[in-house]
Structures are given as structure tokens and as C-alpha cells.
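All you need for this note's numbering is the position in the sequence shown, starting with 1, plus 1. Idealized CB from N, CA, C, for every residue including glycine. Here the structure is laid out as C-alpha cells; the discussion comes afterwards.
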Amino acid sequence: MGFMRKFLTILLLCSCFSCGLFESKEAKTQKLVNKEMLTIDWNDVDNYPLFANCDESTSKTIQRQCFERELLNHFWTTLQEFEFVIDTDTNTTVYVDFLIDQEGKITVVNIEKDKGIEKTMPEFDAIISQSLRNLPPLAPALKRGIPVRAKFRIPIVLNTNS
Numbered sequence: 002m003g004f005m006r007k008f009l010t011i012l013l014l015c016s017c018f019s020c021g022l023f024e025s026k027e028a029k030t031q032k033l034v035n036k037e038m039l040t041i042d043w044n045d046v047d048n049y050p051l052f053a054n055c056d057e058s059t060s061k062t063i064q065r066q067c068f069e070r071e072l073l074n075h076f077w078t079t080l081q082e083f084e085f086v087i088d089t090d091t092n093t094t095v096y097v098d099f100l101i102d103q104e105g106k107i108t109v110v111n112i113e114k115d116k117g118i119e120k121t122m123p124e125f126d127a128i129i130s131q132s133l134r135n136l137p138p139l140a141p142a143l144k145r146g147i148p149v150r151a152k153f154r155i156p157i158v159l160n161t162n163s
């Protein structure tokens, strides 16, 4: 009887304190994946969102430049279609914050501008939002080969002093 109690106690202690020894391969793999996910800087993408005419095999810097250039060209083309009546010369920068989701869909998050622009061009926000809806197809940003959401800020310089 004494041997059985000792064996039962040892068996209970082993089952309570050494769960890691009997952990499945899948659970161990999941723990490693979770640990790795915590070390990834999700705010820094590996590949920028790309338009069809941007080369995905170029460096990250070139990808960013192509992405920003195409986006600014699109804004410029859109803004050229409208006539704004402005009393004074303007030289200001408007900042457009937007989000590109995992499927390449783009949405405006915020538009930061001074009160003068808001007063003289009240339709500016709507024009920019509509402009983004009319963008050509966009491949999403990538992190470790996985499409991810990414936020961006683009400055738009408004200058009537030409």
C-alpha cells in the first residue's frame, strides 16, 4: 500500500508539473509563431503598396517613391479638373492620412489643413476622398510576404503663386 501511494503521488506530481513534456508539436509550433509575431515591427512594411506601373522587384525606397509619385500625380490631375476661387495667393501644405487595407482598398483617415483652405475650398475633403475612390488598382503593402494594412501620410502643396 505504501508503494502505491508513493507511486500515485509521483504520478500526480509529474502530471501537474511537467505538462510541457507532453505538449503537442502543433502547440509548440503555435507558441513559437506567437513569440515570433511579437518581435515583428508591423509598422514598417517590407513592400509598399504598388500601382501596376511600379516595379515590385526594386528596392523599398524606389517602391515608396513610385507609390507616392503615382498618388500625387493622381491628386494633381483630379484637382486640375476643379476651379477654386481664392482671394489671396496661397502657398500651404495639406496632409492626407489614409489607410490601405489587405486587399488594396484605400480610405481617407484624416485631412489636415489650415483654416484658410477650409474656408476658401470647403469641398476639398470631398474631392480628395472621391479621387482616392477613382484610383487605379493598387496592390497592398506586404510584410513577410503577407498582405497587410498600412497607414500613410502624403503632403499636397497648394501654391497659387505661379
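Inset, instruction - With DSSP as the reference, please indicate the residues paired to T164 in a beta bridge. - result: The displayed coordinates of the chain run from 2 to 163. Any statement about residue 164 would go beyond what the structure contains.
Legend entry - A127 versus G117, C55, N111 and L100, residue with shortest Cα-Cα distance: Taking the first residue of the sequence shown as position 1, residue 127 is located at position 126. When each option's Cα is compared against that of A127, the closest is N111.
Legend entry - Simplified DSSP assignment, three categories, for T59: Here residue 59 refers to the residue found at position 58 of the sequence shown. Looking at T59 - three-state DSSP - the assignment turns out to be coil, as it is neither helix nor strand.
Legend entry - Three-state class that DSSP yields for N135 in the structure shown: Taking the first residue of the sequence shown as position 1, residue 135 is located at position 134. Looking at N135 - three-state DSSP - the assignment turns out to be coil, as it is neither helix nor strand.
Inset, instruction - Determine the direct distance from the alpha carbon of K29 to that of T79, and round the result to whole angstroms. - result: Taking the first residue of the sequence shown as 1, we reach residue 79 at position 78. Taking the first residue of the sequence shown as 1, we reach residue 29 at position 28. If I take the Cα positions, the gap works out to 53 Å.
Inset, instruction - Assuming P148 and A53 form a contact by the criterion Cβ under 8 Å, report the distance between their Cβ atoms to the nearest whole angstrom. - result: Locating residue 148 in the sequence shown gives position 147, counting from the first residue. Locating residue 53 in the sequence shown gives position 52, counting from the first residue. The Cβ separation is near 16 Å, so there is no contact.
Legend entry - Three-state class that DSSP yields for E113 in the structure shown: Taking the first residue of the sequence shown as position 1, residue 113 is located at position 112. E113: strand per DSSP, three-state reduction.
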